[in-house]
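In the working numbering, the protein residues as written are 1 to 653.
Think of the CB as a built atom: it goes at the ideal place given N, C-alpha and C, for glycine as much as any other residue.
A short worksheet on the structure shown next.
Right, here's the structure in full:
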């Protein structure tokens, strides 16, 4: 019998024979599933397979042209091979990604596989039987004979320290194939739960695992489910929050694009655990590929009898509905999200009562995010102890981060809780790009905080991050180098929060606006001040921390309560930069262009007149072939002169 069918057998053990037979027959054509399941897992390819990373990030990097080039190559060379579009394996910096698996050989992956290089990459595999070294990424551990002198993908620095639960199959499987998901053990955990566990037992398993909500606050998932289960009602709801509005966050999108059935299975298990017969997936309309894959997954799950009425004779009914949001950041807050589903304006409501007691349409409701639900099937399959063995005392399992910013290897990483920030940025991420120095990490999105170099050895878990004024958040992790101005970073996030505030409560609506005005005043040159502007600027600065505290303590929802975090964390760790902006009227990083004073080096200037022609305020004067100069009173520090100068004669200080 082919190997790797143990997970299917384990999950289906104990369920009624009639349900097992019906499920396996529907999935594989007969109850004798071993050979078919092995073929679907591509343990040994019967014919060549070409995999292209065609998630949103891959398509943005040119994967569509890679697909086109691969099809043309097969046609021109009269070769037969299957072409599969898979999700993003996580290494976004190396996209487009292309893998090839020949019969009897391990799957081998290539990076930067643009359309123009694709024929050469395929030639190296199909004709020379030796992968092209320049674009080689590595080979997979299973699938057949190993390629000589080709490193394992798992040994690549980006993957070596990762531990994948949620991302286990993302970028590996065909996201549109429910059969492949089942062949890899999918939906077995769901059937195991509805046939061998009571709802309270399912809640107990999740609680014993130590799983906490991955959407931000980190509330114990099993505890939340138990509250909803114990709430008496004729109708209950479960909601998957896939809104993902944080700048720099793309975890939920990638998981849904690359492995939608895993998320759907987790939702189904959660629905059974709280006695909910209806589930909503709230996802932003800006994720068209994720929505397309979700719709296909839901339709296939219904066709396979995994959704609907009396699922496989268990007596459990479940309907799943996709609700598309308009991209409002505030709808990531659970009460605003429920308002949106109900057809109302996305505005938060006071709590208590909490959603688990009185939520959607006034009924008990559980809301978890994509990553939380994606962990659930694995916990059921492997048992709670396996999940609880990973991580720290108060933070179990793994966490997915979207690693972006000024780092060499950007992408999705999944690490055990307790991994240090230094390991994520320098070992997995490969350090700061362009050889520049590290400055800070912004973690937790707009509601999070900045962590300086002096605390890079801090462990990533819920409790540790709070000690440095940050939070886990949904998982955005933005790396900043020495050219980043931390005051400018605070201004960027405050501008985002101000624009995304729903406006319902005064502290958030007016407080964030006032904080933004203060930050703008700090980063402005003195030439823009008139009358009592300077006095007003100092007055605002003196009240900045007090204003932050008022907003934090009096805002209605989590968005407002955490709105001051970017300012407070940058003030805490980078107060010297604030002082330089305030007292010296200088930006140490040179990032606040409005504060820069531009000048022209007469020895370098050739009098080409390009800077003079491009100046929007006519602040540059001079004659052709004669050195020019800048009238400081007219200059608005736009930097266009430095941009167009071919002789590097324009400098800023």
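Which of helix, strand or coil DSSP assigns to residue i
i           : result
residue 142 : coil
residue 584 : helix
residue 404 : strand
residue 181 : helix
residue 288 : helix
residue 434 : helix
residue 2   : With a pLDDT of only 47 at residue 2, under 50, the local geometry of the prediction cannot be trusted, and the value read off the model is given with reservation. Residue 2: coil per DSSP, three-state reduction.
residue 31  : coil
residue 68  : helix
residue 579 : helix
residue 426 : helix
residue 220 : strand
residue 354 : coil
residue 41  : coil
residue 395 : coil
residue 652 : strand
residue 237 : strand
residue 175 : coil
residue 476 : strand
residue 449 : strand
residue 168 : coil
residue 471 : coil
residue 598 : strand
residue 459 : strand
CA nearest to the CA of residue i, picked from the options
i           : options            : result
residue 195 : 315, 108, 218, 227 : 315
residue 475 : 49, 93, 100, 254   : 254
residue 505 : 233, 391, 348, 206 : 348
residue 654 : 442, 201, 491, 489 : Since the first residue shown for the chain is 1 and the last is 653, residue 654 is missing from the structure and cannot be characterised.
residue 659 : 261, 290, 400, 358 : No statement about residue 659 is possible, as the shown extent of the chain runs from 1 to 653 and does not include it.
residue 83  : 67, 493, 578       : 67
residue 244 : 237, 279, 285, 272 : 285
residue 57  : 625, 404, 635      : 404
residue 411 : 133, 477, 293      : 477
residue 107 : 148, 520, 561      : 148
residue 651 : 50, 603, 623       : 603
residue 525 : 595, 539, 577, 580 : 595
residue 103 : 125, 639, 21, 20   : 125
Straight-line Cα distance separating residue j from residue i
i           : j           : result
residue 368 : residue 354 : 14 Å
residue 62  : residue 150 : 25 Å
residue 205 : residue 226 : 11 Å
residue 606 : residue 495 : 41 Å
residue 247 : residue 330 : 13 Å
residue 339 : residue 647 : 58 Å
residue 220 : residue 52  : 37 Å
residue 159 : residue 112 : 17 Å
residue 10  : residue 450 : 44 Å
residue 570 : residue 490 : 7 Å
residue 444 : residue 237 : 28 Å
residue 357 : residue 41  : 42 Å
residue 635 : residue 327 : 38 Å
residue 479 : residue 120 : 35 Å
residue 283 : residue 290 : 9 Å
residue 177 : residue 200 : 32 Å
residue 264 : residue 501 : 31 Å
residue 609 : residue 637 : 18 Å
residue 138 : residue 161 : 16 Å
residue 618 : residue 418 : 56 Å
residue 114 : residue 88  : 15 Å
residue 275 : residue 239 : 13 Å
Other residues of its chain near residue i: CB distance less than 8 Å, five sequence neighbours each side excluded
i           : result
residue 5   : 33, 34, 37, 38
residue 222 : 203, 204, 205, 206, 207, 208, 209, 211
Residue i Cβ short of 7 Å to the ligand HEM heavy atom set
i           : result
residue 201 : The ligand HEM is not part of this structure, which contains no ligands at all.
Cβ-based neighbour list, residue i, same chain, cut-off 7 Å, excluding 5 preceding and 5 following
i           : result
residue 28  : 36, 37
residue 140 : 106, 107, 153
residue 233 : 363, 364
Close-in-space but distant-in-sequence residues of the same chain around residue i (CB under 6 Å, 5 per side omitted)
i           : result
residue 2   : Only weak support is given to the placement of residue 2: the predicted model assigns it a pLDDT of 47, under 50, and the question is left unresolved by the model.
residue 456 : 421, 422
residue 463 : 394
* At which residue ranges does the region 502-529 contain complete alpha helix (DSSP H) runs of 4 or more residues, listed in the order of the chain? -> 506-522
* Asked: Which whole runs of the alpha helix (DSSP H) in the region 262-315 are 4 residues long or more, in chain order?
  -> 288-303
* Asked: What are the complete beta strand (DSSP E) segments, minimum 3 residues, inside the region 56-114?
  -> 82-86, 98-101, 108-110
* Asked: Which residue spans inside the region 523-571 form an unbroken alpha helix (DSSP H) run of at least 4?
  -> 533-542, 544-554, 558-562
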